[in-house]
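Participant:
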Amino acid sequence: MNRTVLVIGTIITAALIALLFLGLGRDPKHIASPLIGKPAPAFTLKRAGSGEAIDLASLRGKPVVLNFWATWCAPCWEEHPVLNETSRAFGDRVQFLGVVFQDQESKILGFLEQRGAAYPTVVDNRGKTAIAYGIGGVPETFILDANGTIVVKHDGPITAGQLQSYLAEVLGR
Amino acid sequence: MILAILLLLSGDALEQQTQEIAAGLRCPVCQGLSVADSRSEMAINMKAEVRDLLARGYTREQIEAHFVRAYGEFVLLEPKFEGVNVLVWILPILALIAGAFLTRMKLRQLAKGTAS
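Chains as they are written, first to last, in this note's numbering: chain A, 1 to 173; chain B, 1 to 116.
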């Protein structure tokens, strides 16, 4: 009896330790997106300032970098120059699109005027697009391939190296 | 068609259903709060989405599936009884049964020892 209990107890304890050990290497804030490998949720949103409608479907044919951000988000300020510079570097090969939510258009326009806008920015007024993309905070960046399939979801500010690496991968497909 | 329109929720019934469904959804920008309990703008938007979908005739299951498609199972405060999630429900019960069994065995053994 004592031996059986010892063996069962050891097995259960070892399994629990192994499970906890596996969890140590994970970022507890990172939750895998169920959207990876799925078609990007469709949307048509108005461009900040002009009111011109931009339909995501119209951007098919080349990879798209979809960046969710807001002017009140400090990491978005750090990330903005990276997105601008990378957008200019990749030119017509990649379409960048900013999606701002939980913000005011006057603040968005002021931010873009002051910090530059190498690509269009649309406004998600009711946050419906942010919900469709499972946004839990800003900034979050999605990389779509030329067919409109989501291939990457990046949480938090993106670096130039990370963005270039994602784009090299998607362009090489 | 007319019946479908009549069945659509509105007024207090719509508000009550919205509240019930929102209470089962996790606010993604909060620490363990439901969409119903949070005052964050994200939760307010999610609650508005629930209300909007209910008003359009969506069922609770369809609305939950809509949020799970974007956020994953994480968005449900109570995991569904399916797949690996079953373990979350079954393991504590199994552990309880195993504990009771081992305690009974040990007590019997002790009783035997005392008797002899």
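Positions of the beta carbon are idealized from the N, C-alpha and C atoms, including for glycine.
To the nearest angstrom, how far is it from the Cα of GLN104(A) to the Cα of VAL94(A)?
Facilitator: On the first sequence, position 104 is the one that residue 104(A) refers to. On the first sequence, position 94 is the one that residue 94(A) refers to. Roughly 27 Å between the two C-alpha positions.
Participant: On the three-state DSSP scale, how would you describe GLN114(A)?
Facilitator: Residue numbering aside, residue 114(A) sits at position 114 when the first sequence is read from its first letter. Looking at GLN114(A) - three-state DSSP - the assignment turns out to be helix.
Participant: Which of the three DSSP states is assigned to ARG173(A) in this structure?
Facilitator: Here residue 173(A) refers to the residue found at position 173 when the first sequence is read from its first residue. Coil, per DSSP.
Participant: Taking a contact to mean a Cβ-Cβ separation below 8 Å, would you say GLY32(B) touches ILE31(A) in this structure?
Facilitator: In the second sequence, the residue the question calls residue 32(B) occupies position 32. In the first sequence, the residue the question calls residue 31(A) occupies position 31. Contact flag unset, no.
Participant: Against ALA132(A), what residues of chain B qualify as contacts under a CB-to-CB distance less than 7 Å, listed in chain order?
Facilitator: In the first sequence, residue 132(A) corresponds to position 132, counting from 1. Result: ALA70.
Participant: For GLY49(A), which option in LEU59(A), GLY110(A), ARG3(A) and TYR166(A) has the closest C-alpha, if you only look at C-alpha atoms?
Facilitator: Taking the first sequence and counting its residues from 1, the one referred to as residue 49(A) is at position 49. Looking at the Cα atoms, GLY110(A) is the closest of the given residues.
Participant: Going along chain A, which residues have a C-beta under 8 Å from PRO28(B)?
Facilitator: By 1-based counting over the second sequence, the position of residue 28(B) is 28. Correct list: GLY134, ILE135, GLY136 and GLY137.
Participant: Check TRP89(B) in the structure and name its three-state DSSP category.
Facilitator: As a working mapping, residue 89(B) is identified with position 89 in the second sequence. TRP89(B) falls in the helix class under three-state DSSP.
Participant: Could you tell me the boundaries of the beta strand (DSSP E) in which ASN67(A) lies?
Facilitator: Within the first sequence, the letter at position 67 stands for residue 67(A). First-last of the beta strand (DSSP E) with ASN67(A): 64–69.
Participant: Would a C-beta distance cut-off of 8 Å place ALA43(B) and CYS30(B) closer than the cut-off?
Facilitator: Your numbering for residue 43(B) matches position 43 in the second sequence. Your numbering for residue 30(B) matches position 30 in the second sequence. In this structure, CYS30(B) lies closer than 8 Å to ALA43(B) by Cβ.
Participant: With a 10 Å radius around its C-beta and 16 neighbouring C-beta atoms as the bar for buried, classify LEU94(B) as buried or exposed.
Facilitator: Taking the first residue of the second sequence as 1, we reach residue 94(B) at position 94. That one is exposed.
Participant: Measure the C-alpha to C-alpha separation of LEU96(B) and LEU19(A) and round it to an integer number of angstroms.
Facilitator: By one-based count along the second sequence, residue 96(B) stands at place 96. By one-based count along the first sequence, residue 19(A) stands at place 19. Roughly 20 Å separates the two Cα atoms.
Participant: Using the Cβ count rule (16 or more neighbours within 10 Å means buried), how would you classify GLU157(B)?
Facilitator: Outside the displayed span of chain B (1 to 116) sits residue 157(B), for which this structure offers no information.
Participant: Does the Cβ-Cβ distance between PHE74(B) and ARG104(B) come in under 8 Å?
Facilitator: By one-based count along the second sequence, residue 74(B) stands at place 74. By one-based count along the second sequence, residue 104(B) stands at place 104. No, the Cβ-Cβ distance between PHE74(B) and ARG104(B) is not below 8 Å.
Participant: Tell me the DSSP bridge mates of HIS154(A)?
Facilitator: Taking the first sequence and counting its residues from 1, one reaches residue 154(A) at position 154. DSSP output for HIS154(A) lists THR141(A) as bridge partner(s).
Participant: Against chain A, which members of the region 41–60 of chain B pass a CB distance test of less than 8 Å?
Facilitator: The region 41–60 of chain B vs chain A, Cβ under 8 Å: GLU41, MET42, ASN45, MET46, ALA48 and GLU49.
Participant: Is there contact here, the region 57–71 of chain A with the region 140–156 of chain A, by at least three beta-carbon pairs under 8 Å?
Facilitator: Yes, since at least three Cβ pairs between the region 57–71 of chain A and the region 140–156 of chain A fall closer than 8 Å, the two stretches touch.
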